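A.B. asks:
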Amino acid sequence: MTTTAPSRQAPPAGPAQHGTPPVVPRWRRRLRPYLLSVPAVAIIIGILYPFFLGVYYAFLNYSAVNPNPVLVGFDNFRSVLSDPEFWTSVRVTATYAFVATGLETVLGIGIALLLNRSSIVGRIFEKVLILPLMIAPVIAAVIWKLMFNPQFGVLNHVLGLGSTFDWLSRDRALWSTILVDLWIYTPFVAILVLAGLRSLPKEPFEASEVDGAGWFYMFRRLMLPMMWPYILVAVIFRLMDCLKIFDIVYVLTAGGPGDATRTLQVGAFEDSITNLNYSRGSTYMFLLWILVFAVARYLVSVLGKAQRRAAGAEG
Amino acid sequence: MATEIKPGRKRLTLGSVGADLLLVFWFVFSLFPIAWMVLLALKTDTEQTTTYFAFSPTFDNFGTVMSQRGTDLTSVDFAGALVSSVLNCGGAVLVSLLIGIPAAYAAGRWKYRGSEDLMFQMLSFRFAPELMVVVPLFVIYNQTGLFDTTYGMIWVLQLVTMPLVVWILRSYFQDLSAELEQAALLDGYTRRRAFVMVALPLVRPGIAAAALLAFIFAWNNYVFPLILTDSNATTVTVAVTKFLGGGGQAYYNLTAAAALIGALPPLLLALTIQRYLVRGLSFGAVKA
Amino acid sequence: MTTRRSLLAAGLGAASLPVLNACGVGGGTADNSGDAAGEVTGGFDWKKASGTKLKILQTPHPYQQAFQPLLKDFTALTGIEVQADLVAEADYFTKLNTELAGRTGAHDVFMTGAYFIWQYGPPGWMEDLNPWLQNTSATSPDYDFDDIYEGLRTSTRWDFKPGSPLGTGGQWAIPWGFETNVLAYNKRIFDQRGIKPAESFDELIQLATDLTDRSKNQYGIAFRGSKSWASIHPGYMTQFSREGGKDYTAEGGKLVAAMNSPQAVEFTRKWVNLAKAAGPTSWTTYEYPDATRDLGNGNAVMVYDADSATYPKNRPGASKEAGNLAWHPGPPGPDGSYATNLWTWSLAMNAASKQKLAAWLFIQWATGKEAMSNATKSAFADPTRKSVFDGSFKQTLGGFPGYLETFEKVVDQTKIQFTPQTKFFETTEDWAVALQDIYAGQDAKARLDALAESNTKKLAS
Amino acid sequence: MATLEITGVTTRYGKVVGVEDLDLSVGDGEFFVVLGPSGAGKTTTLKSVAGLVDIDAGRVAIAGRDLTGVEPYHRNVAMAFESYALYPQKTVFENLASPLRSGRTGSYSKADQERRIELVTTTLGINHLLQRFPRELSNGQRQRVALGRVLVRPADVYLLDEPLSHLDAKLRAAMRAELKQLGEESNTTALYVTHDYQEALDLGERIAVLRHGRLVQVGTPEQIWREPADTFVAKALGQPEINLLDAVVDDGSLVGAGAGGAVAVPVPAGLDLAAGERVRLGIRPRDIDRAGPDDRPAPGHLAVRGRVHLAERLGRLVELAVHVGDTELIMVASSDHAAEEGDLVDLHVDLADVHVFAAGAPGEDTPRLGGGVPRQRRPAEEPATGRAR
């Protein structure tokens, strides 16, 4: 440096220049992430405590008619697992969860991509994208139930379906509840994906644009790999919540007609709250928990891989 | 905008119009029920199920919801429910952020033993069906005096907010180059200050998204406040459903009006937060 | 994995038993009877529990609304403050069941139906009110319990023994308001066509079908069909009983399901076909507000449900068809039976309440002559006291054609037509599911046979 | 400014080795370059010094003070990251002011800060960019800002990770000159990482060559250039790469295999090689001169004749691939002496420029035989003066 670069001046007195700097032992540095997580762990333990109690119920014969329960081992599980109604519920739950999550993911990504073009239409819609999420699902379901009503509902009126089209008939009820789920939660996926999209570095896209890559190529090869972590987080949350779906279904059909929309948690509700058979309800919920657990476990491992791949794609 | 991936302006005409049409299609579907709720909220008791679009609109329902008549119908002061909802959900999100950000940071920044397990635990909050925990919780709350209190709601809402906060933020922290904070350390800042000065502002969109979604989900939660509160800490959502009434008198118009009023706080929050949401994580040059 | 497993172990090891007891599991039924009623001595005085604060749990209902403005009178009379928490009907029992199962006494008094006693009583969640009624120190000499219709008084008594009739055992709740399940119809349309309500079930079917015109969005008759035990008890159970159906028969101390008897199958098939031919399009989601709304809007010409559920639609300005509605007992059975199923909203005391005297004073006041009389003045409710019904209530019935006649025709045969049993909700909801399955095309006989077999088994276990 | 001692440092990332058993000793005020291909552990070395990664063994000392367990912000070192690591939400000015505002690099008034930043940015040619955000800069500008954030502050050691890699050629030359001047004039201890041998030779007072996380050779540029410790070092320096010929000891000569005996150099003094032993000869392309057809080789020079197989023009220079028998020799000639493909050319090489390495399989690196510069643990007493080329 020809001029007097500051660096060449006498080093000013800084703390580092004085005495021995404090030493942080290795074990304390190793401990750091754990320390940061301690409060979270505390919350986990505190809040999962009732959950363990619920699990414990599943091994008792506790119900209103039997308030002095004893341990019955796996009796509840045997009885629930041999009940065809339970397996109907598993099928209904799985259909609901996978169809709803799948459609919401595809729609959510599509909407996010469309909004990300930042056209004028997009900019206006972006402001209202999240509106359906602002209506509590319980209320949203009530509103939709009113709209579905064949006698005075607005849907049959506007769509010209007359007074005889039953949205919640045995054949249609499941799909109609999924429709309501889509309406409420697609914005959730879209907003997560949109936030992720906006956080992507732009250089790789510019580079491949210069290389003359097509839109679809960029989407598949660049954007999707980088977006997977964000998408998967949305999918994980949606799938978990869908597997546990209760409120929308309960308001719209209470699990009917027959058992057409009797999801697992609706079944658990029937047992625990309507029938006051806590142990059977807990067994249902524990089995549901296992199902959610397994699905989440799998998705999280996929997420881990996606994150490593995304890191690769970006780095 | 960080990623304008339409190559060039060539396709602007046809592709762009088509895309806008798709958007319009979605938003008609998305907004119609809300528009219909607004109409419903403007109808009188007799019009609520007998008219579609032609009726004489009135704003009385909004007034009724907030008035003593609303309180008589629901046993809850709606304005009070709004306040406790804001306190419950705001508090819950705040606690989740305070506790969740360090945890998300730790999980996103370091691969340490058990980090994946811990993260999975956080997620597993959401596995348990609410009905499974709510009966034991009810007893515990009554024994500990948390029943029908804001503190109790903040605590139980962690089930809703914490996993969202931690899991959304972890992705952001993972995406954030560690070298930025390292540069700050070498600039002479402590880890905490480096975190606050460098990492935190950069994950702000993530924090905004997580906080907003957590707030909304907490706001919309129904089973917990239904069981764990009465009139002191009860929330807007529970209060809204009370307008559905019973005994053959259902006030759909009041329910819609109440739901719309009840959607205002999260809506205001969303509008405030929106500018953080659209700002990208990378201000352009996080990565080389 | 290590983390999770150890967490699980730690959680279970530390948590299980102590809290379990606290949760009510293992508590048994011994702790509720106590002798709270016996502890009250001396002369009766409304002010005996002055200064306490009472919490009551209610669901919005005409009865509740009628009493809401009167609560301050109670406070003035007794010095007891009342916090009345309302929970929407759809969620009422979720909330109530959780509270009772938790045995925390969060609410001292709660609204309940008679069927709930069958389920809440055996675990000891409800206080037997007999000792309170007997204790002259706790009960005002003016109370006159026998003024309450006898059918109602017995409907809230049971000894919890399967097969035992109602009216035995403890008094678990005091009836507060009640409903008979009868036919409400749109008199304007009937008059237009110059027709009269049906006098037999088959005639009703024919009439309802004739009145149905889907292109004009008008159908003959609305009744509940949703997936709930509550779809069985009003119109269905009433007509079921009139047509000779029984839910269970007692055989050697055991209950055997009889909802698959030939009469029951025949009636059920007709009932479901009626729903198809002349019922609401979305019958399987219909609860009573839906049915009464359609009546009020003029979509449904008749409703077979509780009289007090249809009543509010006839109040001036309350609905489109207000002023056009009339009541009829519904078709009698082949043998002329007007057997009618009863619903009563009653007030019960939480066995875990910590201020039982105050709670009793409230129940006593709310079901007493004066308060009930005042309540029927300000808003409508079928009062449970004969003196009130004959007194202030009859005067409000002027604009309600056929209401009083209907009431008087059926009231003597109005009682709970169900056999009391501790799995009422489970088995009755299964019944409703069976109706939905038949509605969806399953054979009535086969489906009801399966239901009966399953319910017999459930009651035996 | 201070000395820097790295003793037996091993840093691993899980099972992946960053650096292993690294010993380096940098003198007070020395401009020390670490050279190596990517993945050699260069950046890990810097981060180990800075305390940004936990070292698994060994110690780092600055000014004689052991820094084990000392937090980065207490080490008083500055680092320019290869990724720039500029704070995206801050302007260039704020980025540069950041170290001055932390309170750990001294205390500066607002005016002090502005003066220092002005000086540095003027030197780096970025003083017109102060109010811009990093996203509004080109990569070259970003890199200069990153360098500025180091130079703006005092530090015991500057750690510079490829600080010139993203500059265009012209700017790089200019910046290199600036840095060189900095190194010479100031008393700055600097650890400078690069994969560019020219930069290393140009800037380094001494150079350490790393491979797979291990130290291969330390020395002055002269030593590294003249006496590469092994074929890896030899190949790392110079473009085109050094020619390596298998040879056999025959009658006091090293005879290149496959060249039909055309390449034969006497066994250097002090090398004890038995007849028939296999070695490798290393000849740098630039050390091969093209002679005129009648030029006689000077004493101590090797002369061979070959046929030009390929001629590739690289600006002013031409790279020639010359076949001598079955052996290909790469050489660089100035375009004035350009030869056409197919021409016969005479090549002269100073025998002093012929390096002898142990024999090895193709692709295997083998050590220098004799005359190798011993691995040094102490810095040279006097600053190296020689500069290769």
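Just so you know, the sequences run in chain order C, F, L and R. So in our numbering, spot 38 of the first sequence is number 335, and the numbers just go up one at a time. So in our numbering, spot 132 of the second sequence is number 480, and the numbers just go up one at a time. So in our numbering, spot 421 of the third sequence is number 423, and the numbers just go up one at a time. So in our numbering, spot 86 of the fourth sequence is number 887, and the numbers just go up one at a time. All C-beta atoms, glycine included, are put in the ideal place defined by N, C-alpha and C. Since the structure is predicted, the reported quantities are computational estimates derived from the model, not experimental observations.
#1: Please compile the residues from chain L whose C-beta is within a distance smaller than 9 Å of the C-beta of F449(C).
#2: Smallest Cα separation from G601(C): which of E567(C), L529(C) and A591(C)?
#3: If you count every other CB in all the chains shown that lies within 10 Å of the CB of A448(L), and 16 or more means buried, which is it?
#4: Within the 7 Å Cβ cut-off, does L1170(R) reach chain C?
#5: Which chain R residues sit within Cβ distance under 9 Å of L524(F)?
#6: So, with DSSP's three-state summary, where would you put N363(C)?
#7: For D110(L) and K57(L), which I take to be in contact (beta-carbon distance under 8 Å), what is that distance rounded to the nearest angstrom?
#8: Suppose you measure from the CA of S35(L) to the CA of S472(F); what does that come to, to the nearest Å?
#9: Within 10 Å of its beta-carbon, does F565(F) have 16 or more other beta-carbons around it, so buried, or fewer, so exposed?
#10: Within this structure, are the beta carbons of Q416(F) and N601(F) separated by less than 7 Å?
#11: Name the two residues that bound the continuous alpha helix (DSSP H) containing A120(L).
#12: In chain F, what lies closer than 7 Å to D544(C) by C-beta?
#13: Report yes or no: is there a C-beta of chain F within less than 7 Å of the C-beta of Y393(C)?
#14: According to DSSP, is Y993(R) helix, strand or coil?
#15: So what does G1083(R) bridge to, in DSSP terms?
#16: DSSP three-state label for H929(R), please.
#17: Who pairs with S826(R) in a beta bridge, going by DSSP?
#18: Which whole-angstrom value is the C-beta distance of E527(F) and S884(R), which I expect to be below 8 Å?
#19: Select from R1114(R), S903(R) and R813(R) the residue whose C-alpha is nearest the C-alpha of G536(F).
#20: Run down chain C in chain order and give the residues with a C-beta less than 7 Å from the C-beta of G870(R).
#21: Hey, does N23(L) have any beta-carbon neighbour from chain F nearer than 7 Å?
#22: According to the neighbour-count rule (16 or more other Cβ atoms, all chains shown, within 10 Å of its Cβ), is W174(L) buried or exposed?
#23: Per the DSSP calculation, P177(L) is bridged to which residue(s)?
#24: Is the beta carbon of G500(F) less than 7 Å from the beta carbon of L574(F)?
#25: Mind listing, in chain order, the continuous alpha helix (DSSP H) runs of no fewer than 4 residues lying wholly within the segment 540-584 of chain C?
#26: With C-beta atoms as the reference, is D87(L) less than 7 Å away from S433(F)?
#27: If the cut is a Cβ gap below 7 Å, which residues of chain L does T620(F) touch?
#28: Using three-state DSSP, classify H109(L) as helix, strand or coil.
#29: Between the Cα of T394(F) and the Cα atoms of T342(L), G404(L), E431(L) and R317(L), which residue gives the shortest distance?
#30: So Y624(F) and R552(F) are in contact, right, with Cβ under 8 Å, and what is the actual spacing, rounded?
#31: Which residues of chain C have a Cβ atom closer than 9 Å to the Cβ of D855(R), listed in chain order?
#32: Starting from the Cα of I427(C), find the closest Cα among T392(C), I488(C) and P434(C) and give me that residue.
#33: Can you tell me where the beta strand (DSSP E) holding D962(R) begins and where it ends?
#34: Note down the Cα distance separating E1142(R) from G1039(R), rounded to an integer number of angstroms.
#35: For R190(L), which option in A324(L), A452(L) and D37(L) has the closest C-alpha, if you only look at C-alpha atoms?
#36: Could you give the first and the last residue of the continuous beta strand (DSSP E) run that contains M880(R)?
C.D. replies: Inspection of the coordinates gives the following:
#1: N219, R295, D296, N299 and N301
#2: L529(C)
#3: exposed
#4: no
#5: Per Cβ cutoff of 9 Å: no residues; L524(F) is ~10 Å from chain R at best.
#6: strand
#7: 6 Å
#8: Annotation note: pLDDT 48 at S35(L) (below 50); position unreliable, no value reported.
#9: buried
#10: no
#11: Correcting the residue identity first, residue 120(L) is Trp in this sequence and not Ala. Unbroken alpha helix (DSSP H) run through W120(L): A116 to Y122.
#12: Y570
#13: no
#14: strand
#15: L1045(R) and H1156(R)
#16: coil
#17: E806(R)
#18: 5 Å
#19: S903(R)
#20: V320, V321, P322 and R323
#21: Interpretation of N23(L) is limited by its pLDDT of 44, a score under 50 that renders its predicted location unreliable; the figure taken from the coordinates is listed afterwards. Not closer than 7 Å to any Cβ of chain F, the Cβ of N23(L) fails to qualify, so no.
#22: buried
#23: S348(L)
#24: no
#25: 544-549 and 561-566
#26: no
#27: Chain L residues near T620(F): none, gap ~32 Å exceeds 7 Å.
#28: coil
#29: R317(L)
#30: 5 Å
#31: R323, R326 and R327
#32: I488(C)
#33: V958 to D962
#34: 24 Å
#35: A324(L)
#36: V878 to A881
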